[in-house]
Amino acid sequence: MGIQNLLWQVTKKAFTGGIIGLTISDRCCSVVPVRGDSMSPTFNPQRNSYLDDYVLVEKFCLQDYKFARGDVVVFSSPTHYRDRYIKRIVGLPGEWISSSRDVIRVPEGHCWVEGDNKASSLDSRTFGPIPLGLIRGRVTNVVWPPQRVSKIG
Amino acid sequence: MGIQNLIWQVTKKAFTGGIIGITISDRFCGVVPVRGDSMSPTFNPQRDSYLDDYVLVDKFCLKDYKFARGDVVVFSSPTHYRERYIKRIVGMPGEWISSSEDVIRVPEGHCWVEGDNRAFSLDSRTFGPIPLGLIRGRVTRVVWPPQRLSKIGG
Chain A
1 MGIQNLLWQV TKKAFTGGII GLTISDRCCS VVPVRGDSMS PTFNPQRNSY LDDYVLVEKF
61 CLQDYKFARG DVVVFSSPTH YRDRYIKRIV GLPGEWISSS RDVIRVPEGH CWVEGDNKAS
121 SLDSRTFGPI PLGLIRGRVT NVVWPPQRVS KIG
Chain B
1 MGIQNLIWQV TKKAFTGGII GITISDRFCG VVPVRGDSMS PTFNPQRDSY LDDYVLVDKF
61 CLKDYKFARG DVVVFSSPTH YRERYIKRIV GMPGEWISSS EDVIRVPEGH CWVEGDNRAF
121 SLDSRTFGPI PLGLIRGRVT RVVWPPQRLS KIGG
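Protein chains in written order, with full-length UniProt numbering: chain A, 1 to 153; chain B, 1 to 154.
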């Protein structure tokens, strides 16, 4: 009887903790690894994947969708909906972006994203401006490895 | 002491219940009202907003993004990111859609959505195909008013 009760209490606490963790991760902030070097040297300045940066992604920005030029955001890829990319916003709705041959205006409700490492980045220069509704969070800090802990933006 | 303890217990239970409710609504299913008549007669066949339909939106589909032609989905507007629309998927990636002047191919990772009430619907015929990443859930049932309870789709 005592053991059953104890197990039940522990299960309840674990379940509640799990649910609270999910809600925090969905609506407050979470930690994600950065893959690839499209944002080098801001993230992953070396090409060694042992040392991939882990960043803090805050989700409060999704309540009001208040983004600014220069923010580093996580978004779902417009062509590969299961993938998430991390790039920097370089154009807000209504602004003009000069690409290789011409000048493009960023449409209403969209933004233009580019990686800091322009030579090695798949971004709006390839798939065009992305709807703001695809954004999943904003990167605020690097949290790992300890020697690279820093605030972004 | 007894009253304080009781209030603390009630607060804990209410807080936990609230958190669980939020998680269920985000990840499993939620109930939302349908506004407007762009999906008439499937939803809101009368124009009276007292009788707006409430529908059950399933969020399990977001794990694998498995959608099919004919699904009614909730998605964030590509031009007005704070708004959500409810429309039907009529074209999946790679399919051809014939619009007023020409034939369009739905690009990879996108879908073509239209309202059932074509005359009064702001949809892909205006803003083009939408990335599947904008979809927020799939409508499975009408849950209110009680006389219109029904299953949507197969």
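Glycine included, every Cβ here is placed at the ideal spot set by N, Cα and C.
Report task. Count the other C-beta atoms from every protein chain shown that fall within 10 angstroms of the C-beta of A/Pro41, then say buried if there are 16 or more, exposed otherwise. Result -> Along the first sequence, read from residue 1 onward, the residue named residue 41 of chain A stands at position 41. Exposed.
Requested in this report: List the DSSP bridge partners of B/Gly30.
Outcome: Translated into the one-based positions of the second sequence, residue 30 of chain B becomes position 30. Per DSSP, B/Val57.
Query raised in the report: Does any residue of chain B bring its CB to less than 8 Å from the CB of A/Ile104?
Result: For the purposes of this step, residue 104 of chain A is taken as the residue at position 104 of the first sequence. Not a single C-beta of chain B is nearer than 8 Å to the C-beta of A/Ile104.
Query raised in the report: chain A beta carbons: is any one of them nearer than 8 Å to that of B/Gly133?
Result: Along the second sequence, read from residue 1 onward, the residue named residue 133 of chain B stands at position 133. Answer yes: the Cβ-Cβ gap between B/Gly133 and chain A drops below 8 Å somewhere.
Requested in this report: Quick one: grab the DSSP three-state call for B/Gly154.
Outcome: Position 154 of the second sequence, counted from the start, is the residue given in the question as residue 154 of chain B. Note that B/Gly154 scores a pLDDT of 48, beneath 50, so its modelled location is shaky and nothing firm can be said.
Query raised in the report: By how many angstroms is the C-alpha of A/Gly94 removed from the C-alpha of B/Asp26?
Result: Numbered from 1 along the second sequence, position 26 holds the residue referred to as residue 26 of chain B. Numbered from 1 along the first sequence, position 94 holds the residue referred to as residue 94 of chain A. Taking the straight line from one Cα to the other gives about 32 Å.
Query raised in the report: Among residues of its own chain, excluding the 5 on either side of B/Gly154, which ones have a beta-carbon nearer than 6 Å to its beta-carbon?
Result: Counted from its first residue, the second sequence places residue 154 of chain B at position 154. In this prediction, B/Gly154 has a pLDDT of 48, which is less than 50 and means its spatial position is unreliable; nothing more can be read from the coordinates.
Report task. For B/Val139, collect the residues of the same chain with a Cβ closer than 6 Å to its Cβ; drop the 5 residues on either side in sequence, then sort them by chain order. Result -> To locate residue 139 of chain B, count along the second sequence from 1; it is residue 139. Cβ within range, chain order: Val55, Val57, Val72, Ile152.
Query - Option in A/Arg136, A/Ser100, A/Ser124 with minimal Cα separation from A/Ser38 - result: Along the first sequence, one-based indexing puts residue 38 of chain A at 38. When only C-alpha atoms are compared, the closest one is A/Ser124.
Query raised in the report: Listed in chain order, which residues of the segment 23-38 of chain B have Cβ atoms closer than 8 Å to some Cβ of chain A?
Result: Against chain A - using a Cβ distance shorter than 8 Å - the residues of the segment 23-38 of chain B are Thr23, Asp26, Arg27.
Query raised in the report: Quick one: Cα of A/Asp26 to Cα of B/Glu101, how far?
Result: As a working mapping, residue 26 of chain A is identified with position 26 in the first sequence. As a working mapping, residue 101 of chain B is identified with position 101 in the second sequence. So the alpha carbons of these two residues sit roughly 43 Å apart.
Report task. Check the Cβ-Cβ distances between B/Tyr85 and every residue of chain A, and say whether any is below 8 Å. Result -> As a first step, residue 85 of chain B is located in the second sequence; it is residue number 85 there, counting from the start. No, because no Cβ of chain A sits closer than 8 Å to the Cβ of B/Tyr85.
Query raised in the report: For B/Phe60, is the classification buried or exposed, using 16 other Cβ atoms within 10 angstroms of its Cβ as the cut-off for buried?
Result: By one-based count along the second sequence, residue 60 of chain B stands at place 60. Counting C-beta atoms within 10 angstroms of its own C-beta, B/Phe60 has fewer than 16 neighbours from the protein chains shown and is therefore classed as exposed.
Query raised in the report: Which whole-angstrom value is the C-beta distance of B/Arg141 and B/Ser76, which I expect to be below 8 Å?
Result: Here residue 141 of chain B corresponds to residue number 141 of the second sequence, with the count starting at 1. Here residue 76 of chain B corresponds to residue number 76 of the second sequence, with the count starting at 1. Contact doesn't hold; Cβ gap of about 22 Å is too wide.
Query raised in the report: Which one of A/Gln46, A/Leu62, A/Arg69, A/Pro33 has the shortest CA to CA distance from A/Leu56?
Result: Here residue 56 of chain A corresponds to residue number 56 of the first sequence, with the count starting at 1. Ranking A/Gln46, A/Leu62, A/Arg69, A/Pro33 by CA distance to the CA of A/Leu56 puts A/Pro33 first.
Query raised in the report: If you draw a straight line from the alpha carbon of residue 194 of chain B to that of A/Ser120, how long is it in whole angstroms?
Result: Here chain B has residues from 1 to 154 only, and residue 194 of chain B is not among them.
Query raised in the report: chain A partners of B/Thr140, CB-CB under 7 Å?
Result: The count along the second sequence starts at 1 and reaches residue 140 of chain B at position 140. Ordered by position in chain A, no residue passes the 7 Å Cβ test against B/Thr140, which lies about 21 Å from the chain.
Report task. Within the same chain, show all residues whose beta-carbon is closer than 6 Å to that of B/Val90, passing over the 5 residues directly before and after it, in chain order. Result -> If you number the second sequence from 1, residue 90 of chain B lands on position 90. These residues qualify, in order along the chain: Trp112, Glu114.
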